[in-house]
Amino acid sequence: MKKQFLAGAFSLCAVSGLAGCATNSEPNIQNATAVQVVDESLLQYADPFIGTGGHGHTFPGAVVPFGMVQLSPDNPSKGWDWTSGYNYSDNQLLGFSHTHLSGTGVGDLLDVLVMPFRGDYKNRRDNELKHVVSEYSHDDEQASPGYYQVGLPQEKVNAELTATERTGVHRYTFSGQEDAKVLIDLGYAQNYDKSVATFMRVIDDSTLVGYRISTGWSDYQPVYFVAQFNQPFAHQFYKEGEAQAGPFINAEKSEVVLNFGDIADQALVAKVGISYVSIAGAKQNLAAEVADFDFDNTKHQAQAMWAAQLGKFKVTDDNEQAKRKFYTALYHSFLAPQTFNDVSGSYFGADGSAHNSQQFERYSLFSLWDTFRALHPLLTISNGERVNDMVSSMMAFYHETGLLPSWDLMANETDVMIGYHAVPVIVDAYFKGLTDVAPEALFEALKASAMQERFAIDLFAKYGYVPSDLEVEAVSKTLEYAFDDWAIARMAKALGKEQDYAYFTQRAESYKTLFDKQTGFMRGKTQDGEWVKNFSPTHVDHRTTDYTEANAWQYTWFVPHDVGGLISLFGGEAPFLNKLDTLFSTDSFMEGDVSPDISGLIGQYAHGNEPVHHVPYMYSLTSQKWKGEQRIKEIRDTMYRDNPDGLSGNDDVGQMSAWYVFSALGFYPLNPAEGQYVLGTPQFDKVQIQLPNNKTFTVKQVILGEEPSDYVKEVTLNGAPVQMNTISHSDVMQGGELIFTF
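Structure follows, in structure tokens:
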């Protein structure tokens, strides 16, 4: 079924009131309106269960693109692979909570748990988990973008979930004569999360309000909610299982059981609006987004939003499995960053205060160590109209805290990973003309991140590298700081800041100080300039060595801003290629405390973790591009599969999926702040990317002869041969046709 859909679009021309079109030094943006025809049949190819097994850490529940609410089922946690609240290997349900993380290595959220059940609450929670637990079967479970369903035979209820941006909508169809009950549990917590204060009040016989303040990975996280039901209830509050009298409860942990009596074969619909600011904000969000109790209408709206988002990429190919992997990867790429403001514009700031902005939508959940590599570049193609708001959100974080976010979780800086990778994301947006934030303000924020005195950034500036005897993960930090500084230098040059340009260019070359020509690896140095002793390129110790979730084999290649300089360090293309070949062909054995993050191994290449994602594309900048094509196809086929255990590592808030999207298209942002895409090899016969202003960029592969080559023979862009195996972002956004000939 196809529908007309109004989608936001962007232009590189100036906003109203500013003269001229975008230039390289002062790009501006403009929002326009374009009519886009969407095809809801594409939803069949996006499978939310892919990645919910193994180490994928994704969730299967209901969400809309970039939505604040992720209404999804929760299993009892059995370890690290349950960080999203769910793992496909499980068959026990605790309920459905409204906030979830997709593909992270640390767990949090899982706020406002709702569970339909039967029987006496105290008896039902009399088990080692101290929770109502109900078993289910995957045979009676389904999920698609914007919708989730599961049957609970013990409760004699069919549960269905859907969502808007800020509201979760539940439909429970009970059978049998026993009283239908719903538990709302604010004390429920798993992983790192812990409630510290909860409150609930019954407003009338169909409305409940409350809040939950928790701590964990996110140090301070308030969530407010309003829950409305289409049927009247009687209620009983509990404090950790003990009944409490009165119309409200205020405790560290609290629950309420709502009793709807005998409603056999009647649909019980609950709509739960949330806010990170106030109960009033949650009420406004609920009223604005879900006016009635029409579950099917809300579901159809969610499906239409996903059809519009996924429909920006139209695949023509007979490979159904590959299309499922591709559209599922797109689906996972568009779950974050998450909307974080109320419909009124109010949001919870990183300074712990409430703010309001009518100028931009506030986003949170910036997993920047992961997503700067491919997810954010993908969003500049698919959702350029959102990029300015994301940049503005990072700038708001800067104004609230004095620094740009590093790993922002619900307006809390987690500092969980290294680097200051808001920098390349902002610089990329600036040069692509996707932000109207004043360039001087942007540069001030970029420089503040680079000049802070934490995480050995001051040592990096002092020594020209991070000394291994003064700081952990010294090699990885040196390499990543150098890349971020290259991005700052690029912007400094555009703004005419020659002194800053020279300074940050020098820092961007710091990677050279840690290259050991004797071993051919990036290797740690002490503050005295001596190589770290007892060096082994296969050695790993989680977060205690010179490398971050990796070893020397995996981090030596992290010089995306100067591949030519890295080749020179190796002594030329031949030894560089020999080392690159060996990365993929050597034994996969690693010694030490090997983190489960280091997964998806081909030799010592570890696709299940991010630092190596650009490496196969390095071949494209040499005379042996075909070797990279071979590895890209191998990774696409073996590290991404069409089943719940289909990801070779954590999806990391969409980065793993974004790699697949680009690599199926046939190009990748090896340097994600340069505005260039390095060519690989396409997966499909044809992909049409729908762009703003009714433009289309088409990627095709053409097969010549009866026995086609396994490798690309020629690439043309709008009929002209592509030089240097790269195309620019502007090439893509202008529309046209990229043809790979085999």
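Start counting the sequence shown at 1; every next residue gets the next number (UniProt numbering).
We put the CB at the ideal spot given by N, CA and C, even for glycine.
Check	Outcome
Beta bridge counterpart(s) of Trp82 as assigned by DSSP	In DSSP, Trp82 forms no bridge with anything.
contact_flag[the stretch 326 to 334, the stretch 648 to 655] where n(CB pairs < 8 Å) is 3 or more	yes
Those residues which DSSP pairs with His170 across a bridge	Leu161, Ala270
Reference Glu473, options Arg507, Glu549, Ile488, closest by Cα	Glu549
Host beta strand (DSSP E) of Asn356 (start-end)	354 to 356
Selected residue, minimal CA-CA separation from Met590, among Gly79, Val540, Phe684	Val540
Three-state secondary structure assigned by DSSP to Gly654	helix
Buried versus exposed, by CB contacts within 10 Å (16 or more), Lys2	Confidence in Lys2 is poor, its pLDDT being 32 and thus under 50, which makes the residue's placement too unreliable to answer from.
Cβ shell of Trp531 (< 7 Å), same chain only, five flanking positions each side left out	Asp516, Arg523, Lys525
For Phe455, three-class secondary structure by DSSP	coil
Arg543, buried or exposed, once every other Cβ within 10 Å from all chains shown has been counted against 16	exposed
Proximity winner among Ser657, Leu670, Phe293, Asp415, relative to Asn230 (alpha-carbon distances)	Phe293
Where Asn87 falls, given that 16 or more other Cβ within 10 Å makes a residue buried	buried
Thr698: first and last residue of the uninterrupted beta strand (DSSP E) it sits in	695 to 702
Own chain partners of Val202 with C-beta closer than 6 Å, once the 5 adjacent residues on each side are dropped	Leu208, His235, Pro247
Distance CB(Ser588)-CB(Leu601) smaller than 9 Å	yes
Start-to-end residues for the beta strand (DSSP E) that takes in Ser346	346 to 348
Completely contained beta strand (DSSP E) runs for the stretch 597 to 674, where each covers 3 or more residues	none
Sheet register partners of Ser134 (DSSP bridge)	Leu93
Span of the beta strand (DSSP E), counted from its first residue to its last, around Pro116	113 to 117
Pro721 - partner residues in DSSP beta bridges	Thr716
Spatially closest choice to Asp296 from Phe313, Ala270, Ala282, Ser278, by CA coordinates	Ala270
Pair within 9 Å by beta-carbon distance, Thr83 and Gly67	no
From Ala350, Ala374, Ser89, Val132, residue whose alpha carbon lies closest to that of Tyr363	Ala350
Reduced DSSP secondary structure (H/G/I, E/B, other) of Pro222	strand
Buried versus exposed, by CB contacts within 10 Å (16 or more), Pro145	buried
Backbone CA spacing between Met390 and Glu165 [nearest angstrom]	16 Å
Distance between beta carbons of Gly464 and Thr513, contact taken as under 8 Å	6 Å
Close Cβ partners of Ile727 (< 8 Å) along its chain, the five nearest in sequence each way excluded	Phe667, Gln676, Tyr677, Leu679, Leu717, Leu738
Phe558 to Val425 span [Cα, whole Å]	17 Å
Reduced DSSP secondary structure (H/G/I, E/B, other) of Met417	coil
Terminal residues of the alpha helix (DSSP H) in which Ser72 lies	First-last for Ser72: 72 to 74, but that is the beta strand (DSSP E), not the alpha helix (DSSP H).
Beta-carbon proximity check, Arg125 vs Gly241, cutoff 9 Å	yes
Simplified DSSP state of Leu404, which is helix, strand or coil	coil
Val391: CB within 8 Å of a non-hydrogen atom of the ligand FMN	Although the ligand FMN was asked about, the structure shown includes no ligands whatsoever.
For Ala492 and Glu674, the rounded distance between their alpha carbons	14 Å
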